[in-house]
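Quick mapping for you: the protein sequence lines, in order, are chains A and B. For the first sequence, my numbering assigns the number 1 to the initial residue and increments by one for each residue that follows. For the second sequence, my numbering assigns the number 1001 to the initial residue and increments by one for each residue that follows. Working notes, beginning with the structure itself.
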Amino acid sequence: MTGQDGVEQAALDWATRTGDPAFAEWETFAAWLEADPRHAAAYHAISAEVAEMTEAVAALPAEPTQREGTPRRPDPRRWMAGALAASLVATVGIGAWERRAQPYAVETADGTTRTIALADGSSIALNGGTKLVLDRRDTRLARLERGEALFSVRHDAARPFRVDVGQDRLVDIGTVFDVTHAPGVTRVAVGEGAVIFNPEGEKVRLDAGRALRSGADGVVVSDVAAHSVGGWRSGRLDYDGAPLREVAADVARALGRPITVAPDLAERPFRGTIQLDGITRDPAGLGALVGARMQRAGQGWEIVATP
Amino acid sequence: MSGLEAIFLSHRDALLRFLRAHGAGDAAEDVLHELWLKLQAAQTGPIASPTGYLYRAANNLMLDRYRAERQSSLRDRAWSEAAGPVVPDRSEDPSPERALIARETLAAADAALATVGERAARIFRRHRIDNVAQKAIAAEMGLSLSTVEADLRKAMRALIDARRRIDEA
């Protein structure tokens, strides 16, 4: 009979092999598991430990922390590798090897989400179709290039967390807040604490339960249910009068399918809650929910007026 | 009935045996039923290797069960140890993200990967995070499959050892 070290080694070997999406020798693996109950126990423990640590590795910056004075050569393969990864892509930003700002981008494809834990205990949850640029040197700064992110920020009065979005800047005051950015429109909703919108400009303070919309027609502040902020993470989208085109963009991001809105409906306001579960099972159901009709359009759908 | 369901039925006994080998014991029938429900709920396109797909799904279910048990016991321990550094739900923390990864785990993962060398660390990320097959990584990096496997084992070993040091601390 194999000793405990032998079991441990064999379990690691099987965990390595079964972890491969191409693994096919399930019957051989089953026979190994059956041979001794310690085999399954060791395999389960190793797999769980690797899974937990993999989550941690995924939350780390895409490259190991760089030591002072040892600039790393950019590896062109890494760029290609990033472009190839289908579901989520973490690429190294331009200038990552420069001494000052060390930006790196974290992106999610439509229909996927990802949470990044920052070293200071803050975390950022990315909705689908989102691109966020962080800085290894200045970990209290983020730039939302597109999509939606929920920031849960550990407050430090000496080093407030800032989010740049479009031409605007948000500064936290101990906070959970959600930011959405699409060309020409930025939306902010505060779940806990408070945020200052453009401290150098409009200087609008948003407390928990307040939301702001900044677009071509200026800045509008409204109320929002504080507990619903970031609801997309549990598959729940709440709206209080957002135009249908924004609702459609949110749902499309979450589902990973294009959803467009007929021009005559694009600005129609929507109030209500969308459960993404239901919409995933039955995209046509979105039509009834918003008082319109869904029509197949290419890979996705178009929301059109009911006849 | 879909092709996958037919293959499920013809492999029913083998899958049950597989679940028992995984230590499912008396729960094996329940787990098999759960697997059946999951297959019906998942709207999948054509699957290249349906038997492998079924075994993988069964394997994942057993790993999920084990992980859920392990995490609840770790959580119980964290709660009973009271004011640990990462006890969730402390009111001063802005933490809707209950599953926030403990900072010590992040640091340990970072340090562990730093010990295995850049190539092994990169292979680990490509495989486990980007979910690229080992053979594809070998081709991409111009290495043999056995080198990729050996690097993966090395990275996993380092991460497992780091994880155990945290759990035992």
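By construction, the Cβ of each residue, glycine as well, lies at the ideal position given by its N, Cα and C atoms. Keep in mind that this is a model prediction, so the values were computed, not measured.
With 16 other Cβ atoms within 10 Å as the buried cut-off, status of residue i
i, result
"Gly231 of chain A", "buried"
"Ala15 of chain A", "buried"
"Lys203 of chain A", "exposed"
"Thr54 of chain A", "buried"
"Arg137 of chain A", "exposed"
"Val1116 of chain B", "buried"
"Thr28 of chain A", "exposed"
"Ala48 of chain A", "buried"
"Ser1072 of chain B", "exposed"
"Val387 of chain A", "Residue 387 of chain A lies beyond the range of chain A shown here (1 to 307); nothing can be said about it."
"Thr306 of chain A", "exposed"
"Gln102 of chain A", "buried"
"His39 of chain A", "buried"
"Arg1128 of chain B", "buried"
"Ala1109 of chain B", "buried"
"Ala249 of chain A", "buried"
"Glu246 of chain A", "buried"
"Pro311 of chain A", "Outside the displayed span of chain A (1 to 307) sits residue 311 of chain A, for which this structure offers no information."
"Asp5 of chain A", "exposed"
"Gly184 of chain A", "exposed"
"Arg1183 of chain B", "Absent from the model: residue 1183 of chain B. The displayed extent of chain B is 1001 to 1169, so no value can be given."
"Asp282 of chain A", "exposed"
"Ser122 of chain A", "buried"
"Glu1149 of chain B", "buried"
"Pro263 of chain A", "exposed"
"Glu1168 of chain B", "exposed"
"Asp277 of chain A", "exposed"
"Gly37 of chain A", "In the sequence as displayed, the identity of residue 37 of chain A is Pro instead of Gly. Burial call: exposed."
"Ala105 of chain A", "buried"
Neighbourhood of residue i by C-beta distance below 6 Å, restricted to the same chain and skipping five residues each side
i, result
"Arg268 of chain A", "Leu244"
"Ala11 of chain A", "Ala42, Tyr43 and Ile46"
"Pro199 of chain A", "Val171"
"Gly95 of chain A", "Bear in mind that the predicted position of Gly95 of chain A carries a pLDDT of just 30, short of 50, making it too unreliable to give a figure here."
"Glu1081 of chain B", "For Glu1081 of chain B, the predicted model reports a pLDDT of 45, less than 50, meaning its position is unreliable; a value from the coordinates is still stated below. Here the set comprises nothing."
"Ile124 of chain A", "Ile116, Ala149 and Phe151"
"Ala226 of chain A", "Gly191, Ala208 and Gly209"
"Ala83 of chain A", "Low per-residue confidence applies at Ala83 of chain A: pLDDT is 37, beneath 50, and the placement is therefore not dependable enough to give any value."
"Asp110 of chain A", "Gly128, Gly129, Arg253 and Gly256"
"Gly300 of chain A", "Arg257, Pro258 and Ile259"
Other residues of its chain near residue i: CB distance less than 8 Å, five sequence neighbours each side excluded
i, result
"Ala58 of chain A", "Arg114"
"Ala1158 of chain B", "Ala1112, Leu1113, Thr1115 and Val1116"
"Asp223 of chain A", "Gly209, Arg210, Ala211 and Asp240"
"Ser1049 of chain B", "none"
"Thr70 of chain A", "The predicted position of Thr70 of chain A is uncertain, since its pLDDT is 36 and thus under 50; a value taken from the coordinates is nonetheless stated next. Excluding residues within five positions, none has a Cβ falling inside 8 Å."
"Glu1092 of chain B", "Its pLDDT being 35, under 50, Glu1092 of chain B is placed unreliably in this model, and the value from its coordinates should be taken loosely. So no residue of the chain qualifies."
C-beta atoms of residue i and residue j nearer than 8 Å
i, j, result
"Arg1020 of chain B", "Ala1014 of chain B", "no"
"Leu132 of chain A", "Leu126 of chain A", "yes"
"Val179 of chain A", "Leu134 of chain A", "no"
"Ser214 of chain A", "Thr175 of chain A", "no"
"Phe1124 of chain B", "Ala1162 of chain B", "no"
"Ala1068 of chain B", "Lys1038 of chain B", "no"
"Ala216 of chain A", "Arg205 of chain A", "no"
"Ala333 of chain A", "Ile303 of chain A", "The structure shown has nothing for residue 333 of chain A, since chain A only spans 1 to 307."
"Ala30 of chain A", "Arg1017 of chain B", "yes"
"Ala182 of chain A", "Arg236 of chain A", "no"
"Ala189 of chain A", "Phe177 of chain A", "yes"
"Ile1166 of chain B", "Glu1104 of chain B", "yes"
"Val1031 of chain B", "Leu1061 of chain B", "yes"
"Ile1160 of chain B", "Val50 of chain A", "yes"
"Ile1047 of chain B", "Tyr1055 of chain B", "no"
"Phe197 of chain A", "Asp168 of chain A", "yes"
Cutoff 8 Å: residue i Cβ touching any chain D Cβ
i, result
"Lys1038 of chain B", "Although the question refers to chain D, the structure presented lacks it and instead comprises the protein chains A and B."
Beta-carbon contacts of residue i that lie in its chain and below 7 Å, excluding the five residues immediately before and after
i, result
"Trp1036 of chain B", "Phe1008"
"Ser1144 of chain B", "Ala1138"
"Leu141 of chain A", "Asp135 and Arg162"
"Glu8 of chain A", "Ala42"
Contact test: residue i Cβ vs the ligand SAH heavy atom, cutoff 7 Å
i, result
"Ile303 of chain A", "Looking at this structure, you won't find the ligand SAH or any other ligand, since it has none at all."
What are the complete beta strand (DSSP E) segments, minimum 3 residues, inside the region 193 to 260 of chain A?
-> Whole beta strand (DSSP E) segments, 3+ residues: 194 to 197, 204 to 207, 210 to 215, 218 to 223 and 236 to 243.
Given 8 Å as the limit, is there contact between the region 1006 to 1024 of chain B and the region 268 to 275 of chain A, that is, 3 or more CB pairs closer than that?
-> Not touching, per the Cβ criterion.
Is it a yes or a no for the region 18 to 35 of chain A touching the region 1133 to 1146 of chain B, going by three-plus beta-carbon pairs under 8 Å?
-> yes
Taking one C-beta from the region 219 to 230 of chain A and one from the region 243 to 260 of chain A each time, how about it: are there three or more such pairs within less than 8 Å?
-> no
Contained beta strand (DSSP E) runs [length at least 3] in the region 113 to 145 of chain A, N- to C-terminal order | 114 to 117, 123 to 126 and 131 to 135
Along the chain, which unbroken stretches of the alpha helix (DSSP H) at least 4 residues long are found entirely within the region 1095 to 1144 of chain B?
-> Positions of the alpha helix (DSSP H) runs, each at least 4 residues long and wholly inside the region 1095 to 1144 of chain B, are given as 1103 to 1115, 1118 to 1124 and 1134 to 1141 in order along the chain.
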